[in-house]
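Note that the working numbering has the sequence shown beginning at -19, numbered continuously upward.
Glycine included, every Cβ here is placed at the ideal spot set by N, Cα and C.
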Amino acid sequence: MAKDPVRVLVTGAAGQIGYALVPMIARGVMLGPDQPVILHMLDIPPAAEALNGVKMELVDAAFPLLKGVVATTDVVEACTNVNIAVMVGGFPRKEGMERKDVMSKNVSIYKSQASALEKHAAANCKVLVVANPANTNALILKEFAPSIPEKNITCLTRLDHNRALGQISERVGVQVSEVKNVIIWGNHSSTQYPDVSHATVISEGAEKAVKSLVSDDEWLKGEFIKIVQQRGAAIIKARKLSSALSAASSACDHIRDWVLGTPEGTWVSMGVYSDGSYNVPAGLIYSFPVTCRNGEWTIVQATYMIKSRVSLPGLEIDEFSRKKMDATAEELTEEKALAYSCLS
Ligand code: NAD
Ligand code: LMR
């Protein structure tokens, strides 16, 4: 029997990520090849004509899974009954700008859209914030939509995770599909900590630690981290526009794994509400390694540890990692304060 359609909201749908993302969703890349979808696309009035053009192209592409398109500049209409909300709308970072510079422009948007989602989205709607500063926008959305369970509000660090997989694959000389369990800790910003301490590669038929294959520890602790941290800026420099196809693809990966589950033995990175695991301050949206089952994410080991009171350790964290995890947490704490000052 055919499944009922899932309603997926994309805000900022007339923008460049939106333009890459909506055809992926309509093709089943996000929710699977047997899941019909109805797309809700929101943008602001100056972009209404362009948004209508995207709608025309979706009709012209004749996607078999696409059962309807709502293209609107009305936030209530856009949010009504949506099951998944991908929040891309906002002001993007331009060359030379730090994420903090776009803060004031974006947090007020997330405050007002929080209320619309809270009032009009389907119960149990899953929210993914892509627009920067992604972690802090997600936190503002969470705080101004108190009836949406905190487990349902996440931000995108899967792009950073995928970037780390890509770098390791190139360095070791294996397919990217053979690399797994990198971790992005913290903020989707240049303080994020891409960590390969637990990452593995399938090489010559066996699973091996990345650290055993990349003997150059200096590269792993230096250039590798920097490349991943600065990749967004490098794309902006090269394209004069921020990343779009990789952001759209990673957003699909994030939702797909959240809804359909992560493969056995594999974790992914998601920005989620911190419960204090790994001594990360509670009350931040921080990127952790998570596994997903039955539509729910769980921070690797640490949540189990807290709930069961069993003294199972989380992943081992050495001193080098600890410092980097704390530095990115500090930045998020500062961003949180700055966001509130922009709103007052
Ligand atoms: P873009 O400027 O091409 O598109 C943004 C769209 O949002 C525009 O069409 C704009 O009209 C719309 N918009 C502005 N205010 C809005 C509002 N209040 N409601 C609805 N729509 C609104 O930008 P883009 O390149 O598509 O990037 C979108 C965001 O994603 C930026 O903030 C960018 O920095 C961020 N980003 C995040 C990641 C990540 O990994 N988390 C990666 C790439 C880009
Ligand atoms: C990215 O990581 O590509 C985006 O967040 C764009 C940026 O501002 O770095």
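For the 8 Å CB-CB criterion, residue 135 and residue -3 do not form a contact. Taking a cut-off of 8 Å for Cβ pairs, the stretch 137 to 146 and the stretch 249 to 263 touch, as three or more such pairs fall below it. Per DSSP, reduced to three states, the secondary structure at residue 225 is helical. In the three-state reduction of the DSSP assignment, residue 184 falls in the coil class, being assigned neither a helical nor a strand state. At a Cβ-Cβ threshold of 8 Å, residue 174 and residue 208 count as neighbours. Its Cα nearest to that of residue 112, the residue 85 stands out among 85, 129, 245 and 232. A residue is called buried when at least 16 other Cβ atoms come within 10 angstroms of its Cβ; residue 192 does not meet this threshold and is exposed. Non-local beta-carbon contacts of residue 88 in its own chain, meaning distances under 8 Å to residues more than five positions away in sequence, involve 322 and 323 in chain order. Residue 267 sits in a strand when the DSSP states are folded into three classes. For the 8 Å CB-CB criterion, residue 254 and residue 294 do not form a contact. Boundaries of the beta strand (DSSP E) harbouring residue 165: 163 to 165, taken from the DSSP string. Counting of Cβ neighbours within 10 angstroms places residue 156 among the exposed residues, the total staying below 16.
Per the DSSP secondary-structure output, residue -11 pairs in a beta bridge with 20 and 65. If you check the CB distance, residue 120 and residue 98 do not come in under 8 Å. With distances taken between CA atoms, residue 52 lies nearest to 31 out of 46, 31 and 65.
The stretch 220 to 227 and the stretch 159 to 170 do not touch, with fewer than 3 CB-CB distances between them shorter than 8 Å.
For residue 81, the Cβ stays outside the 7 Å cut-off from all heavy atoms of the ligand NAD. Per DSSP, the continuous beta strand (DSSP E) segment holding residue 133 begins and ends at 133 to 135. In the structure shown, the three-state DSSP call for residue 236 is helix. Inclusion of residue 27 and residue 224 in the CB contact set at 8 Å is not warranted, their separation being larger than that value. Short note on residue 236: C-beta not closer than 7 Å to any heavy atom of the ligand LMR.
A direct Cα-to-Cα measurement between residue 177 and residue 146 gives close to 16 Å. For the pair residue 227 and residue 110, the CB atoms are nearer than the 8 Å cut-off. Ranked by Cα distance from residue 241, the options 278, 260 and 67 are led by 278. Residue environment: residue 304 is assigned as buried (16 or more neighbouring CB atoms within 10 Å of its CB, all protein chains considered).
Residue -9 has its CB nearer than 7 Å to a heavy atom of the ligand NAD.
If you look at residue 250, you'll find it in the beta strand (DSSP E) that goes 248 to 253.
Under DSSP, residue 279 shares a beta bridge with 270. Within the stretch 74 to 155, the complete beta strand (DSSP E) segments at least 3 residues long are 106 to 109 and 133 to 135, listed from N- to C-terminus. Taken through DSSP and simplified to helix, strand or coil, residue 189 comes out as strand. Around the beta carbon of residue 267, a 10 Å sphere encloses 16 or more other beta carbons of the protein chains shown; the residue is thus reported as buried. Annotated three-state conformation of residue 52 is strand, per DSSP.
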